[in-house]
Amino acid sequence: MSTATLKALIAEQLTISCRARIVLFNFFFEMTTLLRACRRPAIAGTYSNVYLRGSTPNGTYDRRLASTEAAAASVQLANAGGLVGFWQTLSNSPPVAYMQDALIQIHDYSGLTWWSSIVLSTFLFRGVVTLPLTIYQHKITARIERIALEMPAIVEELKREAAMAKQKFKWSDKQTTIVYRRSIKKQWQSLIVRDNCHPMKTIIVLWGQIPLWIFQSVALRNLVYMLPDPTTLQAQITATEMTIGGFGWIPNLTVVDNSYILPVALGLLNLGIIELQSMTRTRAPTRLQKIANNVFRGLSVVMVPVACTVPSALCVYWVASSTFGLAQNILLLSPEVRRAVGIPKTQTELSQPYDQIWLKMQQRVGLAEQTPPADKPAAK
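Now the structure itself:
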């Protein structure tokens with residue numbers, strides 16, 4: 010009974026983060042759908058025609074007309090695209106405005122093309138915001154695993170105390186079980202408070218990454234569509250620069266990637282992140298973890314057609330963000346890196362993680378037998 014109770018308690022605490030991940034996934038999925046709904050194919054053509062007029066003989070008059078037409082087109086886009094209520098407020102919100110200004114400043118001061126400055130800003134923001142939170146999340150997970158190792162001895166002590174109390178106070182089996190489980194939970198909560206490692210802190214990275222993803226995505230969309238005020242000179246200059254700020258097969262960042270290279274790369278990168286976490290797991294996943302993994306696999310696939318319908322500027326950002334996330338996860342598998350950033354060693358930490366990944370990959374494609382991994386968890 011003690012072992013089962015302990016497992017149930019730890020499972021209850023550790024699956025809190027999984028429940029929260031699914032809730033945040035729903036919000037994340039709604040945002041991707043709305044970003045797709047905000048896209049209008051005709052707008053790129055409208056801007057192209059607008060800025061070509063500036064070079065006609067009647068330059069002054071046509072430039073004024075261009076600004077008026079751009080304003081009308083963008084206002085019509087905002088109304089027809091469903092940017093009302095909360096979502097219009099989000100597009101015009103201060104965080105998005107600050108993000109737009111930051112993107113423009115990074116582009117202007119770096120002297121890079123727009124696609125390069127989008128990649129640079131993505132790595133910069135994620136390095137400042139999500140990387141420290143990810144390291145902190147790993148520290149919390151390691152602390153939870155360590156205090157879980159203290160529980161068996163505590164459980165045995167509580168078991169003896171419950172047996173003595175039952176005999177002394179003439180409790181029934183039901184009363185004894187209730188008090189026993191309550192005592193275990195109290196001790197577990199005490200250890201959590203002692204080491205400051207509440208399981209909800211294991212999702213802290215999502216509270217930083219999701220708002221960052223939303224604000225930067227909406228800011229880039231605003232820059233492409235000259236929102237919120239298309240009559241400003243800065244908005245018109247930025248939109249024009251983006252039409253020639255691409256690379257290779259997508260010189261114009263305001264149109265979709267018709268080659269589908271970036272959307273497919275985005276899906277593969279997101280799937281790679283999920284499979285990497287699955288291949289490096291040393292314990293059998295819980296039912297809720299399996300559901301969460303399948304949900305995020307589905308989201309990775311759904312993001313491909315979504316990315317096929319948005320401007321290439323957004324695709325560049327999403328691919329850069331996912332690339333950073335994959336590289337970050339691979340880097341934090343290294344025991345040397347984990348010690349360098351202060352993540353405690355645990356029993357489930359892999360001493361040779363990259364060999365483990367390579368073996369799992371070979372097993373999945375049939376190049377190696379389905380045998381237990383040669384790598385063993387690191388010693389305590």
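Quick note: the sequence shown uses my numbering, first residue 10, plus one each step.
Backbone N, C-alpha and C fix where the C-beta goes; we use that ideal spot for every residue, glycine too.
In this chain, proline 320 is not harboured by any alpha helix (DSSP H), its DSSP state being neither H nor E.
Runs of the beta strand (DSSP E) lying entirely within the stretch 118-182 and spanning at least 3 residues: none are present. From the listed residues Ile219, Arg306, Lys195, the smallest Cα separation to serine 330 is found for Ile219. A straight-line Cα-Cα distance of about 15 Å links threonine 289 and alanine 336. With distances taken between CA atoms, leucine 140 lies nearest to Gly334 out of Trp327, Thr240, Gly334, Asn267.
In the structure shown, isoleucine 253 falls within a coil segment according to DSSP collapsed to helix, strand and coil.
One Cα belongs to valine 315, the other to serine 309, and the distance between them is close to 10 Å.
For aspartate 238, there is no enclosing alpha helix (DSSP H), as DSSP marks it with neither H nor E. With respect to the 7 Å criterion, proline 320 and valine 233 are classified as neighbours on the basis of their beta carbons.
Secondary structure at isoleucine 283: helix, using DSSP grouped into helix, strand and coil. For tryptophan 327, the CB contacts under 7 Å within the same chain, skipping 5 residues up- and downstream, are Leu275, Ala316 in chain order. In terms of Cβ geometry, leucine 236 and methionine 251 do not form a close pair [threshold 7 Å].
According to DSSP, isoleucine 201 shares a beta bridge with no other residue.
Beyond the five residues adjoining it in sequence on each side, serine 126 comes within less than 6 Å, by CB distance, of Ile115, His116, Ser119 in the same chain, given in chain order. In the pairwise beta carbon analysis, the stretch 197-212 is classified as touching the stretch 153-161: at least three pairs are separated by under 8 Å. Non-local C-beta neighbours of proline 272 in its own chain, meaning closer than 7 Å and more than five positions away in sequence, comprise Asp266, Val313, Ala316, Cys317, Cys324, ordered along the chain.
In this structure, leucine 142 sits near isoleucine 213, with a CB-CB distance shorter than 7 Å. When the Cα atoms are used, threonine 150 and tryptophan 124 turn out to be separated by approximately 36 Å. Ranked by Cα distance from histidine 147, the first of Gln372, Gln198, Val350 is Val350.
Shown here, leucine 342 sits in coil according to DSSP, grouped into three states, outside any helix or strand. Membership of methionine 370 in the alpha helix (DSSP H) is indicated by the continuous run 362-373. Only exposed fits phenylalanine 256, as fewer than 16 other CB atoms lie within 10 angstroms of its CB. Counting every other CB atom within 10 Å of its CB across the protein chains shown gives asparagine 303 a total below 16, marking it as exposed. Each of Gln243, Ser130, Gln184 was checked against the Cα of methionine 108, and the nearest Cα belongs to Ser130. Looking only at Lys175, Ile163, Glu170, the smallest Cα-Cα distance to lysine 194 is reached by Ile163.
By the criterion of a C-beta distance shorter than 6 Å, isoleucine 144 is surrounded in its chain by Val350, once the five residues flanking it on both sides are discounted.
The residue from Phe134, Trp96, Gln372, Gly375 with its alpha-carbon nearest to that of arginine 230 is Trp96. Taking 8 Å as the upper bound for CB-CB distance, leucine 280 and isoleucine 366 are not in contact here, some 14 Å apart. Glycine 307 is classed as exposed because its beta carbon has fewer than 16 other beta carbons within 10 Å across all chains shown.
By the beta-carbon neighbour count (other beta carbons within 10 angstroms, threshold 16), lysine 210 is buried. Secondary structure at leucine 359: strand, using DSSP grouped into helix, strand and coil. Judged by DSSP in its simplified three-state form, isoleucine 259 adopts strand.
Assignment of serine 330 by DSSP, reduced to helix, strand and coil, places it in the helix class.
Shown here, lysine 354 sits in coil according to DSSP, grouped into three states, outside any helix or strand. For the pair glycine 217 and valine 137, the CB atoms are not nearer than the 7 Å cut-off.
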